[in-house]
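Visitor: Quick one: the structure is below, questions incoming.
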Amino acid sequence: MSSSTELITVGDLTIPVRRKNIRHVHIAVYPPDGHVCISAPLDRRSEVIRAFALTRLGWIKARQAEFQTQSRQGELDFITRESHYLWGRRYLLVVEEEEGAPRVEVMPRQIVLTVRPGSDKACRERIMHDWHKSLLRKEVAPLIRQWEKTLGVTVNAFFVQKMKTKWGSCTPGRGYVRFNTELVKKPKDLLEYVVVHELCHLLEPRHSEKYFTLLSHYYPHWKESRDFLNELPVA
Ligand SMILES: [Zn+2]
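Just so you know, we're using the working numbering here: the sequence shown kicks off at 87 and counts up by one.
Dropping the structure here:
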């Protein structure tokens, strides 16, 4: 794997370019988040690729909007027999009703959600979301401590929250990082990739060449992680 990635900027998009022995430039938009990738002939000048991508910008945006609609349709109802993912594994949700404080338990193949009788969907969803947040916070905290040391950076605060289109984000000026609660559904090593990705932004805010050089140095397998993260279903 090469240590630096060729990137082109089109509008508000930064797109990685993969050089291949092909005749034409190809642009692909991938689910579920609509990330874009360009394949280009080995000898094509990047200005030419950029000009071509610019003509396809409308199409790229339309595809991205489509994926966003699709992921909204994949909404969960938080009812018994529904599939729910946790750390990359699929479980069947079992909803039980009982007086008392709501709780969530993980069994070998089931996630048992116990709620007060008559709890509606919004209520069941909130309990699951709070549970996801606490699970994710527990995993993220030690990863942040570890990577703060490795990268020599300081995170002033981290947040776990619902995010529509991103797995994480960083506010370098404040030293804040945010993580998408949906990460709790992915294998744990992918969470580490997102932590490293966001913490690298404390050293370089933009997705510049310098940024990807840093990321490749500290996390050489970032491309595999990123692709895997974007291929797995969110829900
Ligand atoms: Zn980033």
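Yeah, the Cβ is synthetic: ideal placement off N, Cα and C, and Gly gets one too. Treat the numbers as computed from the prediction; the structure is a model and nothing was measured.
1. Below 7 Å, is the gap between the Cβ of His121 and the nearest heavy atom of ligand 1?
2. Who are Leu179's beta bridge partners in DSSP?
3. Would you tell me roughly how many angstroms separate the C-alpha atoms of Val281 and Gly186, rounded to the nearest one?
4. Is His283 near ligand 1, in the sense that its beta carbon is under 7 Å from a heavy atom of that ligand?
5. Mind listing, in chain order, the continuous alpha helix (DSSP H) runs of no fewer than 4 residues lying wholly within the region 196-273?
6. DSSP three-state call for Glu185: helix, strand or coil?
7. Sort Glu268, Val270, Lys272 and Val239 by Cα distance to Cys256 and report the nearest one.
8. Who pairs with Ala126 in a beta bridge, going by DSSP?
9. Between which residues of its own chain and Lys248 is the CB-CB distance below 6 Å, once the five residues before and five after are set aside?
10. Quick one: is the Cβ of His293 within less than 7 Å of any heavy atom of ligand 1?
Guide: So, from the data block:
1. Translated into the one-based positions of the sequence shown, residue 121 becomes position 35. For ligand 1, not one heavy atom lies less than 7 Å from the Cβ of His121.
2. Walking along the sequence shown from the start, residue 179 turns up at place 93. Ile197.
3. Counting from 1 along the sequence shown, the entry for residue 281 is found at position 195. Counting from 1 along the sequence shown, the entry for residue 186 is found at position 100. Distance between the alpha carbons of Val281 and Gly186 is about 36 Å.
4. Residue mapping note: residue 283 aligns to position 197 of the sequence shown, counting from 1. For ligand 1, at least one heavy atom lies less than 7 Å from the Cβ of His283.
5. 207-237
6. The count along the sequence shown starts at 1 and reaches residue 185 at position 99. Coil.
7. Locating residue 256 in the sequence shown gives position 170, where the first residue counts as 1. For the residues Glu268, Val270, Lys272 and Val239, the minimum Cα distance to Cys256 belongs to Val239.
8. Residue numbering aside, residue 126 sits at position 40 when the sequence shown is read from its first letter. Answer is Arg105, bridged to Ala126.
9. Locating residue 248 in the sequence shown gives position 162, counting from the first residue. Correct list, in chain order: Thr267.
10. Numbered from 1 along the sequence shown, position 207 holds the residue referred to as residue 293. Answer for His293: yes, Cβ within range of ligand 1.
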